[in-house]
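Peer 1: Under my numbering, the residue at position 173 of the sequence shown is numbered 174, and the numbers go up by one with no gaps.
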Amino acid sequence: MFENLSGRLGGIVKNLRGQARITEANIQDTLRQVRMALLEADVALPVVKQFTDDIKAKAMGAEVLQSLTPGQALIGIVHDELAKLMGGEATDINLAAQPPVVILMAGLQGSGKTTSSGKLARLLKSRKKKVLLASCDVYRPAAIDQLRQLGKQLEVDFHETADNDPVAIAKTAQEHARKQFYDVLIVDTAGRLAIDEAMMAEIQALHAALRPVETLFVVDAMQGQDAVNTAKSFSEALPLTGVILTKLDGDARGGAALSVRHITGKPIKFVGVGEKPDGLEAFHPERMASRILGMGDVLSLIEQAQTSVDIAEAKKLAEKVKKGKNFDLEDFKSQIVQMRKMGGLTALMDKLPGMGQMPQMTGNEDKAINRVEGIINSMTPEERRHPELLKASRKRRIAAGAGVQVQEVNRMLNQFEQAQKMMKMMGKGGLGKMMRGMKGVLPGKH
Numbered sequence: 002m003f004e005n006l007s008g009r010l011g012g013i014v015k016n017l018r019g020q021a022r023i024t025e026a027n028i029q030d031t032l033r034q035v036r037m038a039l040l041e042a043d044v045a046l047p048v049v050k051q052f053t054d055d056i057k058a059k060a061m062g063a064e065v066l067q068s069l070t071p072g073q074a075l076i077g078i079v080h081d082e083l084a085k086l087m088g089g090e091a092t093d094i095n096l097a098a099q100p101p102v103v104i105l106m107a108g109l110q111g112s113g114k115t116t117s118s119g120k121l122a123r124l125l126k127s128r129k130k131k132v133l134l135a136s137c138d139v140y141r142p143a144a145i146d147q148l149r150q151l152g153k154q155l156e157v158d159f160h161e162t163a164d165n166d167p168v169a170i171a172k173t174a175q176e177h178a179r180k181q182f183y184d185v186l187i188v189d190t191a192g193r194l195a196i197d198e199a200m201m202a203e204i205q206a207l208h209a210a211l212r213p214v215e216t217l218f219v220v221d222a223m224q225g226q227d228a229v230n231t232a233k234s235f236s237e238a239l240p241l242t243g244v245i246l247t248k249l250d251g252d253a254r255g256g257a258a259l260s261v262r263h264i265t266g267k268p269i270k271f272v273g274v275g276e277k278p279d280g281l282e283a284f285h286p287e288r289m290a291s292r293i294l295g296m297g298d299v300l301s302l303i304e305q306a307q308t309s310v311d312i313a314e315a316k317k318l319a320e321k322v323k324k325g326k327n328f329d330l331e332d333f334k335s336q337i338v339q340m341r342k343m344g345g346l347t348a349l350m351d352k353l354p355g356m357g358q359m360p361q362m363t364g365n366e367d368k369a370i371n372r373v374e375g376i377i378n379s380m381t382p383e384e385r386r387h388p389e390l391l392k393a394s395r396k397r398r399i400a401a402g403a404g405v406q407v408q409e410v411n412r413m414l415n416q417f418e419q420a421q422k423m424m425k426m427m428g429k430g431g432l433g434k435m436m437r438g439m440k441g442v443l444p445g446k447h
């Protein structure tokens with residue numbers, strides 16, 4: 002999402018690093034470029050003005066002008082102000098109340114409320130919480146069934162009811178959650194295509210009946226300035242406690258993410274990335290600021306690895322390599338599956354310092370990874386274990402099965418051979434050699 006903004010700010014950062022001295026003139030020039038970058042990213046005008054004023058006030062301070070590395074000092078200020086703009090400290094969900102803790106989900110239709118309710122339930126379940134889902138959306142066809150199916154898929158309980166009144170559904174769900182000792186009750190509400198009085202009156206009635214600990218506003222980051230205006234209307238009608246930004250992996254310009262905290266005064270607590278049930282991440286303003294400035298987000302990458310990577314599988318491969326056994330196509334496929342669990346190659350590179358802005362990262366790399374997996378899936382188990390069996394006739398059969406040209410099969414085998422060589426180097430302790438051999442191994446690099 003922040004690709005264009007990252008590119009612009011990354012260029013500014015690069016120029017600043019080359020400055021021997023910071024003067025009022027180059028601060029003004031930097032601020033002008035920052036202002037343009039933010040406006041292009043669809044950040045609200047009052048937010049841009051406040052942001053650049055805050056940077057100027059700090060940048061003109063004596064500690065920057067007298068610093069030995071003034072460029073670095075100014076980058077530090079831009080980073081800190083960017084983090085402050087998005088909320089400063091990460092804010093988690095409040096679960097320190099008398100159970101069942103009620104979480105009320107609010108937002109327009111199509112913002113991703115129902116999906117976010119399911120994702121949040123999964124996240125809380127992973128924290129060992131007993132969660133109940135309830136839907137008060139009696140208007141949208143199949144809305145209740147969508148949440149029911151999500152609950153089934155995630156193995157989270159769903160509150161069944163014959164009621165057709167949203168407030169009655171909410172009250173019976175809360176009573177059921179209390180009697181059955183649930184830790185958390187997540188209540189999904191109805192949305193509209195636009196804000197209207199009936200919608201606001203209904204959600205205010207639900208809020209009064211439930212007295213939720215958390216009232217989370219779910220907003221589609223792809224809406225840009227509309228998202229910010231909607232957030233403002235909801236924050237005036239309801240005592241919101243936080244925001245969930247969905248579709249942060251989309252191709253919008255990122256303005257909503259940078260504006261919504263400033264406009265509503267409410268913290269962004271979670272961001273939705275992708276359609277999968279695990280695609281909800283805690284929002285860390287300082288880490289997001291680092292990613293926008295091209296500094297990477299290694300902490301989130303580590304956390305992602307801890308929750309996504311199959312440790313037993315990784316250990317098995319490590320032992321195999323250590324013993325000098327052959328790294329085969331089954332292992333190669335296993336590595337690809339692990340990479341996908343972590344969001345794909347583009348998502349991984351985005352979190353590595355300096356890699357998110359690499360020109361070759363176009364998103365086609367993830368398609369190439371899918372193609373490689375498809376080719377391997379078209380092989381027999383024996384062919385995967387013994388790639389040397391793959392002669393012309395077998396390659397033709399595999400290409401037909403995977404729906405690709407034979408050249409694609411050959412390209413994949415070349416990438417596999419490179420990976421095999423790297424694993425051999427690794428087995429012999431040649432990590433330095435292995436790093437030098439990285440070039441050309443990643444699917445899509447040709």
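Where is the CB? At the ideal position from N, CA and C, for every residue including glycine.
Given residue 49, which residues of its chain have a CB within under 8 Å of its CB, disregarding the five upstream and five downstream residues?
Peer 2: If we look at residue 49 and ignore the five residues flanking it on each side, its Cβ neighbours are 36, 39, 40.
Peer 1: Using CA atoms only, rank isn't needed, just tell me which of 399, 382, 171, 282 is closest to residue 246.
Peer 2: Ranking the options by Cα distance to residue 246, first place goes to 282.
Peer 1: Classify residue 211 as helix, strand or coil using the three-state DSSP reduction.
Peer 2: Note: residue 211 maps to helix in three-state DSSP.
Peer 1: Taking residue 377 as the reference, which of 162, 330, 211 has the closest Cα?
Peer 2: With distances taken between Cα atoms, residue 377 lies closest to 330.
Peer 1: Taking the C-alpha atoms as reference points, what is the distance between residue 28 and residue 61?
Peer 2: When rounded, the distance between both Cα atoms is 8 Å.
Peer 1: Of the choices 290, 277, 415, whose alpha-carbon is the least far from that of residue 259?
Peer 2: Minimum Cα distance to residue 259 is reached at 290.
Peer 1: Relative to the alpha-carbon of residue 188, which residue among 198, 171, 181 has its alpha-carbon at the smallest distance?
Peer 2: Nearest C-alpha to residue 188: 171.
Peer 1: Of the choices 218, 205, 159, 90, whose alpha-carbon is the least far from that of residue 285?
Peer 2: Per the Cα distances, 90.
Peer 1: With DSSP collapsed to three states, give me the class of residue 90.
Peer 2: Residue 90 falls in the coil class under three-state DSSP.
Peer 1: Which one of 80, 125, 85 has the shortest CA to CA distance from residue 102?
Peer 2: Checking every option, the nearest Cα to that of residue 102 belongs to 125.
Peer 1: Less than 8 Å between the C-beta atoms of residue 204 and residue 107, yes or no?
Peer 2: Yes; because the gap between Cβ atoms is below 8 Å, this pair is in contact.
Peer 1: Which residues in the same chain as residue 158 place their Cβ atom closer than 6 Å to its Cβ, once the five residues preceding and following it in sequence are excluded?
Peer 2: These residues qualify, in order along the chain: 133.
Peer 1: Based on Cα-Cα distance, which residue from 211, 231, 235 lies nearest to residue 105?
Peer 2: When only C-alpha atoms are compared, the closest one is 211.
Peer 1: Starting from residue 25, trace the alpha helix (DSSP H) in both directions and tell me its first and last residue.
Peer 2: Where residue 25 is concerned, the enclosing alpha helix (DSSP H) stretches over 25–41.
Peer 1: Starting from residue 384 and walking both ways along the alpha helix (DSSP H), at which residues does that stretch end?
Peer 2: Its alpha helix (DSSP H) spans residues 382–386.
Peer 1: Out of curiosity, what's the CA-to-CA distance linking residue 209 and residue 149?
Peer 2: The straight-line gap from Cα to Cα measures roughly 25 Å.
Peer 1: Express the C-alpha separation of residue 221 and residue 248 in angstroms, rounding to a whole number.
Peer 2: One C-alpha to the other measures close to 6 Å.
Peer 1: Which residues does DSSP list as the beta-bridge partners of residue 271?
Peer 2: Residue 271 is bridged to 245, 283.
Peer 1: Does DSSP put residue 441 in a helix, a strand or coil?
Peer 2: For residue 441, the pLDDT reaches just 44, beneath the cut-off of 50, and the residue's location in the model is therefore unreliable, although a value from the coordinates is still provided. Residue 441 falls in the coil class under three-state DSSP.
Peer 1: Between the Cα of residue 115 and the Cα atoms of 136, 99, 131, which residue gives the shortest distance?
Peer 2: Cα-wise, what sits closest to residue 115 is 136.
Peer 1: For the region 87–144, list the beta strand (DSSP E) runs that are entirely contained and at least 3 residues long, ordered along the chain.
Peer 2: The region 87–144 contains these whole beta strand (DSSP E) runs: 102–107, 132–136.
Peer 1: If we ignore side chains and look at the alpha-carbon of each, how far apart do residue 297 and residue 287 end up?
Peer 2: Its pLDDT being 47, under 50, residue 297 is placed unreliably by the model, and the measurement read from it follows with that caveat. So the two alpha carbons sit approximately 11 Å from each other.
Peer 1: For residue 169 versus residue 201, is the C-beta spacing smaller than 8 Å?
Peer 2: Against a cut-off of 8 Å, the Cβ pair of residue 201 and residue 169 comes out as no contact.
Peer 1: Just how far apart, CA to CA, sit residue 118 and residue 129?
Peer 2: Rounded to whole angstroms, residue 118 to residue 129 spans 17 Å at the Cα level.
Peer 1: Could you compute how far the alpha carbon of residue 112 sits from the alpha carbon of residue 275?
Peer 2: If I take the Cα positions, the gap works out to 13 Å.
Peer 1: Among the candidates 191, 180, 375, 423, whose CA atom is the shortest distance from the CA of residue 463?
Peer 2: Absent from the model: residue 463. The displayed extent of the chain is 2 to 447, so no value can be given.
Peer 1: Anyone know if the C-beta pair for residue 56 and residue 86 falls short of 8 Å?
Peer 2: Their beta carbons are not under 8 Å apart, which means residue 56 does not touch residue 86 by this criterion.
Peer 1: Counting only the same chain and skipping the five closest in sequence on each side, list residues whose C-beta sits under 6 Å from that of residue 241.
Peer 2: So the qualifying residues of the chain are 216, 218, 267.
Peer 1: Report the three-state DSSP secondary structure of residue 219 (helix, strand or coil).
Peer 2: Strand, per DSSP.
Peer 1: Are the Cβ atoms of residue 100 and residue 183 separated by less than 8 Å?
Peer 2: Yes, these two residues count as a Cβ contact at 8 Å.
Peer 1: Sorted by chain position, which residues of the same chain lie with C-beta nearer than 6 Å to residue 59's C-beta, five sequence neighbours on each side aside?
Peer 2: Taken in chain order, the residues that qualify are 78.
Peer 1: Assuming residue 264 contacts residue 229 under a Cβ cut-off of 8 Å, what Cβ separation, rounded to an integer in Å, is found between them?
Peer 2: Contact flag correct, Cβ pair sits at about 5 Å.
Peer 1: Nearest-angstrom Cα distance between residue 299 and residue 80?
Peer 2: With a pLDDT of only 46 at residue 299, under 50, the local geometry of the prediction cannot be trusted, and no value is derived from it.
Peer 1: Starting from the C-beta of residue 98, find all residues in its chain whose C-beta is less than 6 Å away, skip the five residues before and the five after it, and write them out in chain order.
Peer 2: Cβ within range, chain order: 214.
Peer 1: Between which two residues does the beta strand (DSSP E) containing residue 399 stretch?
Peer 2: From DSSP, residue 399 is part of no beta strand (DSSP E) but of the alpha helix (DSSP H) over 393–403.
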